[in-house]
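*Asks:* Residue numbers (our numbering), protein chains in the order written: chain A, 32 to 371; chain B, 32 to 371. By construction, the Cβ of each residue, glycine as well, lies at the ideal position given by its N, Cα and C atoms. Before I ask anything, here is the structure I am working with.
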DNA sequence: GTGAAAGCGCTAACAG
DNA sequence: CTGTTAGCGCTTTCAC
């Protein structure tokens, strides 16, 4: 089997290279008969255009990069990453793009790989996962003119395209639910406040309380780190201040928090109502099952790709800033049952 | 800033395109002075060669594809995938390759994407994750002449390059440990036997018992599905046959199995010793902590990449068939403590 | 040591 | 409607 090129197909079909090119790219201006003849040859030979050559000619590769800097490697501990990447991959398959993955493990790799991503003409665009509002790579992306969309970064100052879950709204929903159920002393265990998601959820907590006429008590706010152990420890601190209910900024922390509650002989939700955030698979299986805010992670990944392709095709303006709504999933940890 | 090409650098440095190319590619046959001069211009302008053009000329893209067919989407439920992909990514960064990710979600996508992977000249090689001995894609890879390495597939008939954890040896180690501790009635909960890893671990269980002069009892072999619930259910069946110890083919199933043991009022390891497989983070945190076989997953990913690059550079012969050793991690679920 | 020239396989004006 | 002709940016003989 000889190497198949446009040229050889053209020869076999008795037409010129351009005609074959037109047929392959489904362009108008080819007669039915010729088109059919060429198609037949293509089918028969199993010809596939060389995408590298095409990229060189069109200055487009059809490839998008997913960049995950080293701070974000924490993604890998929970099921966030797998679901996100499934969404991203599904959308990029569907749109005919190919996905290049760049996990940066250390600063050296970042220094070596970032310039390559930006200058070598390999990528049509970049998806960048971050939750810091001041990652230096964003500035470099901006300077390079490379189309990009960030996932999980909403920054007021430099208007960049981003998609994220609406963490503020989710937290407001969670806390409002507790208020509605009649709890008075509502505490929160936050994520690490260096993370934007953690900040946003804390903001939501505050907004919900204030808008419902509750006062804020600094003793009822405890910083965690999104891990089970962190939630456990934070709850131990919190217990001294006797909250009736707590909004925990992640399911993993909620599991730890409930462990701490159990250990002092209290029960959830009777002595302490819990609402958390994420809706991991474990959330439904815990004892008691968690009332939590479900994040549409896979959807978020798909939307990120669609937004990026839109930016690539239609330019950066206007800036796309997309927040995805969350959903309150009511189970028993909040004590809603007793009110029904 | 004008577009930077070899041509423009050549002009700035007052030399020809070929000379710049030689400098960029670190080839011999350029005088010190000229080389330095060219280097200076490159540094100063920040020139990066266009990799698409280079690929077209060299017929190499420096890109490897990681293909995950739909059966393997189960990878995403446990921490296997994140760790594997971290290893793959680390090695491919280190070797200067770029990694393209193909998650195939359904048959349509497989049909559409497989031909593209094989013919379009985009990929230098493919890493294929599977645990079926008869995936049709392997045959297509073979026919296409595309260099590839399989992860998790050891098939005697068609000799293909693969890397995997040595599941047989791991299981032998686990079961031998139980035998050594003096247990007589040793059961096993297997993975789904459609999976090669599950088969291998069952083989190891049998080998260990037979080689130690124990007899095999079909009542002590129960098929699970690698999930917590599956392990729970399998153990419930097993309890009727009163085993003293059990080798469970995954940590997740072991957690379920221990739950079933607890529910009938038995304790681990006094009434039932448990050894499992994987060494997930949870294995150390369970009650009691699991004695288990640790798999070097990240290492496996790195090795897969190195093997693939070796195949790409040096041809498919001889066939590389690499099995990575596992490690027995002794904690308390096997009752070893009481013997120390 | 250095440069000229011929591709790599495709797209995209521009003619006819 | 179809073919001719330049490129896309780089590598790689082959002369000098």
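(1) At what residue ranges does the stretch 241-310 of chain B contain a whole run of the alpha helix (DSSP H), taking only runs of 4 or more?
(2) With 8 Å set as the bound, which would you pick, yes or no: does the beta-carbon of residue 120 of chain A sit closer than that to a beta-carbon of chain B?
(3) Given that residue 75 of chain A touches chain B, what residues does it touch there, using C-beta distances under 7 Å?
(4) If contact is defined by three or more beta carbon pairs under 8 Å, each pair taking one atom from either stretch, is the stretch 316-334 of chain B in contact with the stretch 350-362 of chain B?
(5) Considering just the uninterrupted stretch of the beta strand (DSSP E) at residue 358 of chain A, what are its terminal residues?
(6) Starting from residue 340 of chain B, trace the alpha helix (DSSP H) in both directions and tell me its first and last residue.
(7) Tell me which residues share the same chain as residue 135 of chain A and place their Cβ nearer than 6 Å to its Cβ, disregarding the 5 neighbours each side in the sequence.
(8) Measuring CB atoms only, is the stretch 59-68 of chain B touching the stretch 303-312 of chain B, in the sense that at least three cross pairs come out at less than 8 Å?
(9) Considering only the alpha carbon of each residue, which of B:77, B:82, B:292 and B:243 lies closest to residue 265 of chain B?
(10) Under 8 Å, Cβ to Cβ, is there at least one residue of chain A near residue 430 of chain B?
(11) For residue 188 of chain B and residue 286 of chain A, what's the separation of their Cα atoms in angstroms?
(12) Would residue 238 of chain B pass as an interface residue toward chain A - the criterion being a Cβ-Cβ separation below 8 Å?
(13) Report the residue from A:223, A:335 and A:270 whose alpha carbon sits nearest the alpha carbon of residue 281 of chain A.
(14) Just checking: is the beta-carbon of residue 83 of chain B within a distance shorter than 8 Å of some beta-carbon in chain A?
(15) Using only alpha-carbon positions, find the residue among A:180, A:166 and A:137 that is nearest to residue 158 of chain A.
(16) At 9 Å on the CB atoms, spell out the chain A contacts of residue 124 of chain B, in chain order.
(17) Please decide whether residue 204 of chain B counts as near chain A, where near means a Cβ-Cβ distance under 8 Å.
(18) Using a Cβ-Cβ cut-off of 8 Å, state whether residue 175 of chain B counts as contacting chain A.
(19) Rounded C-beta distance between residue 119 of chain B and residue 76 of chain B? I'm assuming under 8 Å.
(20) Which of the three DSSP states, helix, strand or coil, is assigned to residue 156 of chain B?
(21) Between the Cα of residue 70 of chain B and the Cα atoms of B:81, B:51 and B:58, which residue gives the shortest distance?
(22) Are the beta-carbon atoms of residue 274 of chain B and residue 220 of chain B separated by less than 8 Å?
(23) Which of helix, strand or coil does DSSP assign to residue 239 of chain B?
(24) Inspect the beta-carbon positions of residue 178 of chain A and residue 156 of chain A and report whether they are closer than 8 Å.
(25) Give every residue of the same chain whose Cβ lies closer than 8 Å to the Cβ of residue 46 of chain B, excluding the five residues on either side of it in the sequence, and list them in chain order.
(26) From the DSSP output, read off the bridge partner residues of residue 94 of chain A.
(27) Taking just the CA atoms, how far does residue 348 of chain B sit from residue 176 of chain B?
(28) Between residue 204 of chain B and the rest of its own chain, which residues show a CB-CB distance below 6 Å, the 5 nearest in sequence each way excluded?
(29) Along chain B, which residues have their Cβ under 7 Å away from the Cβ of residue 152 of chain A?
(30) Identify which residue in A:335, A:283 and A:288 has its Cα closest to the Cα of residue 311 of chain A.
(31) Leaving out five residues before and five after residue 1 of chain B in sequence, what residues of the same chain have Cβ atoms less than 6 Å from its Cβ?
(32) Just to check my reading of the structure: residue 338 of chain B and residue 162 of chain B have Cβ atoms closer than 8 Å, yes? What is that Cβ distance to the nearest angstrom?
(33) Are the C-beta of residue 172 of chain A and some C-beta of chain B separated by less than 8 Å?
(34) Assuming residue 131 of chain A and residue 129 of chain B form a contact by the criterion Cβ under 8 Å, report the distance between their Cβ atoms to the nearest whole angstrom.
(35) Determine whether the beta carbon atoms of residue 319 of chain B and residue 300 of chain B lie at a separation below 8 Å.
*Replies:* Taking the structure as given:
(1) Within the stretch 241-310 of chain B, the complete alpha helix (DSSP H) runs of at least 4 residues are 259-270 and 282-294.
(2) It does: the Cβ of residue 120 of chain A has a partner Cβ on chain B nearer than 8 Å.
(3) Correct list: empty, because the minimum Cβ distance to chain B is about 15 Å.
(4) Enough Cβ pairs lie closer than 8 Å, so yes.
(5) Segment 358-360, the beta strand (DSSP E) holding residue 358 of chain A.
(6) Going by DSSP, residue 340 of chain B is part of the alpha helix (DSSP H) stretching over 328-345.
(7) Correct list, in chain order: 100, 101 and 141.
(8) The way I'd put it, the stretch 59-68 of chain B doesn't touch the stretch 303-312 of chain B; fewer than three beta-carbon pairs between them come closer than 8 Å.
(9) If we check each option's Cα against that of residue 265 of chain B, B:292 comes out closest.
(10) The structure shown has nothing for residue 430 of chain B, since chain B only spans 32 to 371.
(11) One C-alpha to the other measures close to 48 Å.
(12) No, residue 238 of chain B does not count as interfacial toward chain A.
(13) Nearest option by C-alpha distance: A:223.
(14) Taking a beta-carbon distance threshold of 8 Å, residue 83 of chain B counts as an interface residue toward chain A.
(15) Cα-wise, what sits closest to residue 158 of chain A is A:180.
(16) Chain A residues near residue 124 of chain B: 133, 134, 135, 136, 140, 143 and 144.
(17) So no, residue 204 of chain B is outside the interface.
(18) Closer than 8 Å: no.
(19) That belief does not hold up - the Cβ atoms of residue 119 of chain B and residue 76 of chain B are roughly 34 Å apart, past 8 Å.
(20) Note: residue 156 of chain B maps to strand in three-state DSSP.
(21) With distances taken between CA atoms, residue 70 of chain B lies nearest to B:51 out of B:81, B:51 and B:58.
(22) Contact annotation: residue 274 of chain B and residue 220 of chain B have beta-carbon atoms that are not nearer than 8 Å.
(23) Here DSSP, grouped into helix, strand and coil, assigns residue 239 of chain B to helix.
(24) In this structure, residue 156 of chain A lies closer than 8 Å to residue 178 of chain A by Cβ.
(25) For residue 46 of chain B, the CB contacts under 8 Å within the same chain, skipping 5 residues up- and downstream, are 65, 68 and 69 in chain order.
(26) Beta-bridge analysis with DSSP links residue 94 of chain A to A:129.
(27) So the alpha carbons of these two residues sit roughly 12 Å apart.
(28) Annotation for residue 204 of chain B: 359 place their beta carbon closer than 6 Å to its own, counting only its chain and skipping 5 residues before and after.
(29) Result: 81, 82 and 83.
(30) Looking at the Cα atoms, A:283 is the closest of the given residues.
(31) The question about residue 1 of chain B has no answer here: the residues shown for chain B are numbered 32 through 371.
(32) Not quite, the Cβ-Cβ distance comes to about 17 Å (not below 8 Å), so this is no contact.
(33) For residue 172 of chain A, the answer is no, since every Cβ of chain B falls outside 8 Å of its Cβ.
(34) With a contact defined as Cβ atoms closer than 8 Å, residue 131 of chain A and residue 129 of chain B qualify at about 6 Å.
(35) Cβ distance < 8 Å, so residue 319 of chain B and residue 300 of chain B count as in contact.
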